[in-house]
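2 is the number of the first residue of the sequence shown in the working numbering; add one for each residue after it.
For every residue, glycine included, the Cβ atom is placed at its ideal position computed from N, Cα and C.
Small disclaimer: the values here were computed from a predicted structure and weren't measured.
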Amino acid sequence: MVISLVGDYKTTISCLYVSKQFNKAATPVVYSSPVLNSTYRVAQLVSSLKETGNGQWVKSLDLSHLEPGLIPDEDYKDDDNNSISSDHVEYALASWRDWKYKDDPLYGSNLLNSYTLSKSKSAISCDSNFSTASSFTSKIMTRLKSSDRELTRMGQRVKKMFKWKAKIKRTRSSISKKDHGSGQQTLYGDGADDSNIGITCSVKFQVKDMKNQPFSAGHPFTNKFLLKYANSKDLPIGYILLFIDLCPNLQSLNLSNLSLSDDFQIVYRKPNVNSLIESVIPAINTQSNDCGLQIDHYFSDRNIHFNDKHSHTEFHKLHDTDILVKLSQLESLRELSMCNLPWLNYRVIRGSFIQRSASMLNGTLKCVDFTNSGMVRDLRWAKEFTCDELDRYFQPETEPIIEEENEHDVLVRGIGMNY
């Protein structure tokens, strides 16, 4: 495919807007390895995959490079020791919370955009400073105005005299030009000067509406009331589970350095009454997209209002281990990276992933990386494994003890097992 040879990711995305044929050819290439650098873009991608069903084209997903919405000043960019507090930040980039509440009248209002409000505050402060300076200047100028009133009156009389002279002169010149040019021919008529025909004028055409073009707008800014999350790059557990459900053909997944936030699964309980609702409620618990995939409902992906919390709605808290259980359902997974995740431990990996992984059973999984994971540094299982090494090492129920280990090493290795 020619589009797959395009090296520039932005150019590839622009191919979606050329024609229907280009859109159909470029869609698998664009969605094969999406580039995500903020939680806001992650939320957008989740919504897009749910509506379009393009998750079948996603082969590689990297969530290890997500950045917080905090925008550092130029003075702090080169200084790693300085940490910026979100309490004193006036504006920041939007996060997944802004996307969730984009239709909310308070959190989704453009009037409460943090960037817009910060600029309006600065404009008001400039106006106040200008008014203070102008009042100080007016006191000085009033003294000079009183002494210059007589000179001003005299100057007005002189101006009137010159205006009358200039008006009489213009009237005489216009009459003489009219009489002199009455016998000449008009421009472009018979006998007109050929040099005047070649005169052209430049016309500026607006060919494209830039608002509808890709990359025409930058990253949006967060709401004023969501500024307290500017220093965080957390991602709800439900988003990870949705990615796994929406992208069944994932081959490479990188969840390293990921900070997780609490989330809940929304379950609609079947009522104890015989009615038409009884046959409808079970179908609400899951939603089917265009590809026919059954998708669960999560609190992070839906706006739940007070009126929606009726007696038939239940919220089940999600745990970190649910990610490993969901990962075990992927059959095409080849590479898995879960580095720098403190919630991982030997028992969780063995019970939730190793014993259930479909990709390990069919031999698709090639390597798994747990480097620097766990609640203690330099754990023996916190390293990179091949599929065979992973199966052998996590075969026993408890982590094997090496003869060189002392009692302190064994105690440290067990930290976080029951966390």
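Pairwise C-alpha distance: residue j and residue i
i, j, result
"T387", "C368", "4 Å"
"L366", "L328", "12 Å"
"N341", "F226", "31 Å"
"P221", "H320", "30 Å"
"V90", "R381", "42 Å"
"S233", "Y92", "14 Å"
"S338", "R393", "19 Å"
"S15", "A218", "14 Å"
"G56", "S39", "19 Å"
"R378", "Y347", "14 Å"
"T117", "L107", "15 Å"
"L391", "S20", "47 Å"
"I355", "E385", "15 Å"
"D9", "S119", "35 Å"
"P35", "D263", "25 Å"
"Y299", "Q252", "24 Å"
"M376", "L112", "44 Å"
"H66", "S121", "33 Å"
"K318", "V30", "36 Å"
"D297", "T13", "32 Å"
Per DSSP, cross-strand counterpart(s) of residue i
i, result
"H317", "Q266"
"C368", "E336 and T387"
"L373", "As written in the sequence, residue 373 is Asn, which differs from the Leu given in the question. Answer is none; N373 lacks a bridge partner."
"S353", "None; S353 has no bridge partner."
"N224", "N114"
"L94", "F222"
Where residue i sits in the DSSP three-state scheme
i, result
"D105", "coil"
"F386", "strand"
"P237", "strand"
"D297", "strand"
"D379", "coil"
"D63", "strand"
"S15", "helix"
"S183", "Low confidence applies to S183: its pLDDT is 48, below 50, so where it sits in the model is not reliable enough to give any reading."
"N346", "coil"
"N55", "helix"
"Y10", "helix"
"L113", "helix"
"S5", "helix"
"L256", "coil"
"L261", "strand"
"L251", "coil"
"P29", "helix"
"R42", "helix"
"V36", "coil"
Residue closest to residue i, alpha-carbon to alpha-carbon, out of the options
i, options, result
"W58", "F316, V90, K25 and Y41", "K25"
"S257", "L236, Q266 and P249", "L236"
"E336", "N250, D105, Q157 and P397", "N250"
"L243", "T13, E315 and L50", "L50"
"L261", "T53, V31, W344 and S358", "W344"
"W97", "T223, S33 and T12", "T223"
"T53", "T28, S65 and F316", "T28"
"Q22", "I4, K11, T12 and Y10", "I4"
"A44", "L64, N255 and K164", "L64"
"L228", "R303, K318, Q252 and N114", "N114"
"Y269", "Q252, L334, T314 and Y116", "T314"
"D389", "N363, E398 and E400", "N363"
"D104", "K120, E68, R303 and K164", "R303"
"E398", "Q252, D264 and V349", "V349"
"R351", "L112, E400, F316 and K318", "E400"
"S374", "H317, D297 and L259", "L259"
"F316", "D297, I296 and F265", "F265"
Proximity of residue i and residue j at Cβ, strictly below 8 Å
i, j, result
"F371", "A383", "yes"
"I238", "D323", "yes"
"Y18", "W100", "no"
"L94", "I72", "yes"
"Y240", "V7", "no"
"W331", "I245", "Reading off the sequence, residue 331 comes out as Leu, not Trp. Contact flag set, yes."
"K11", "S33", "no"
"S353", "V326", "yes"
"S333", "S358", "no"
"A231", "G109", "no"
"L254", "L62", "yes"
Any non-hydrogen atom of the ligand FAD within 7 Å of residue i CB
i, result
"F244", "Looking for the ligand FAD in the displayed structure turns up nothing, as the structure carries no ligands at all."
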